[in-house]
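K.L.:
Residue 141 in this note's numbering sits at position 141 of the sequence shown; the count goes up by one each step and never skips. Pasting a structure here, questions to come.
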Amino acid sequence: MATQVIDEQPPEHYLCLVCRTRPRRDRSRCCGGCFARLRGDLATLRFGYIHLDNEMQALRPAIREGTRHGKSESRPPVRVDLVDVGVAIEENLIGYPEPDDRMGWARGIARWHQPAIAGPAEWSVPVVIRWLLDQALPWISDQQWVWEFADDMAELRRRAYSAAPWQRVRVDLPTPCPGCTFLSLSTYPGDQLAVCRNRGCGRQVPIATMKETRRWTRTIAAA
Ligand SMILES: [Zn+2]
Ligand SMILES: [Zn+2]
């Protein structure tokens with residue numbers, strides 16, 4: 001029986017590599033809850049990066065109005081903390097092309113993914129995260145280093161939020177999860193999947209198959 005096989009294995013062979021407390025789901029190295037959280041962190045980071053960019057754009061008119069030549073005591077119209085977080089996201093997630101050895105996560109994933117897949121259409125943070133969510137996340141969640149990737153994405157998300165807090169991004173669906181029947185399905189604007197927030201479940205449901213939410217998610221996508 002499968003349970004006996006699990007009992008005989010050391011915990012590191014069947015526990016989730018991210019939380020190290022719950023069993024892995026199927027053949028993945030993550031539990032359903034950690035997979036759902038990683039998806040959520042990436043989707044929120046994508047939103048947070050766009051939000052940071054908007055906040056910085058909003059400061060630009062002050063530069064055009066000639067504050068560069070203002071009095072020496074005038075403060076620069078650039079929030080260095082926002083720029084720092086934006087650069088940290090770009091460097092950690094994307095990095096630089098070879099031969100530079102500071103290759104970010106996504107460049108590495110595009111190279112290492114098995115089977116080989118086409119990389120993102122462009123190396124910008126929103127496009128790269130969309131690509132990770134839509135194409136690469138199942139493979140990522142099966143890798144030994146998934147906990148490190150998950151830690152980095154959660155940390156970047158926290159940094160972006162503390163620099164420029166945003167309104168709630170996650171959208172909770174009014175439809176019971178087909179896995180656990182709780183009202184615990186959530187999605188993010190533009191995402192193709194709804195994921196169950198119940199840590200013991202973590203079911204993923206393609207938005208396209210959810211009749212009840214189709215009209216409603218079109219509204220989100222258009223927003
Ligand atoms: Zn876990
Ligand atoms: Zn569920």
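All C-beta atoms, glycine included, are put in the ideal place defined by N, C-alpha and C. Since the structure is predicted, the reported quantities are computational estimates derived from the model, not experimental observations.
1. When burial is assigned at 16 or more other CB atoms within 10 Å of the CB, is residue 21 buried or exposed?
2. Indicate, with yes or no, if ligand 1 has a heavy atom lying under 7 Å from the CB of residue 22.
3. Hey, would you say residue 159 sits closer than 8 Å to residue 88, going by beta carbons?
4. If we ignore side chains and look at the alpha-carbon of each, how far apart do residue 151 and residue 209 end up?
5. Can residue 33 be considered in contact with ligand 1, in the sense that its beta carbon sits closer than 7 Å to one or more heavy atoms?
6. Rank 110, 180, 130 and 179 by C-alpha distance to the C-alpha of residue 45 and give the top, closest one.
7. For residue 182, count neighbouring Cβ atoms within 10 angstroms of its own Cβ and tell me buried if that reaches 16, exposed if not.
8. Roughly how far, in whole angstroms, is the beta-carbon of residue 29 from the beta-carbon of residue 143, given that I think they are within contact range, below 8 Å?
9. In chain order, which alpha helix (DSSP H) runs of at least 4 residues are fully inside the region 145-186?
P.N.:
Per the coordinate set shown:
1. So residue 21 counts as exposed.
2. Under cutoff, so the answer is yes.
3. Yes; because the gap between Cβ atoms is below 8 Å, this pair is in contact.
4. Their Cα atoms are separated by approximately 31 Å.
5. Yes, ligand 1 has a heavy atom inside 7 Å of this Cβ.
6. Closest by C-alpha distance to residue 45, out of 110, 180, 130 and 179, is 130.
7. A residue is called buried once 16 or more other Cβ atoms fall within 10 Å of its Cβ, and residue 182, having fewer, is exposed.
8. The C-beta separation of residue 29 from residue 143 comes to about 7 Å, placing the pair in contact by the 8 Å criterion.
9. Qualifying alpha helix (DSSP H) stretches, in chain order: 146-163.
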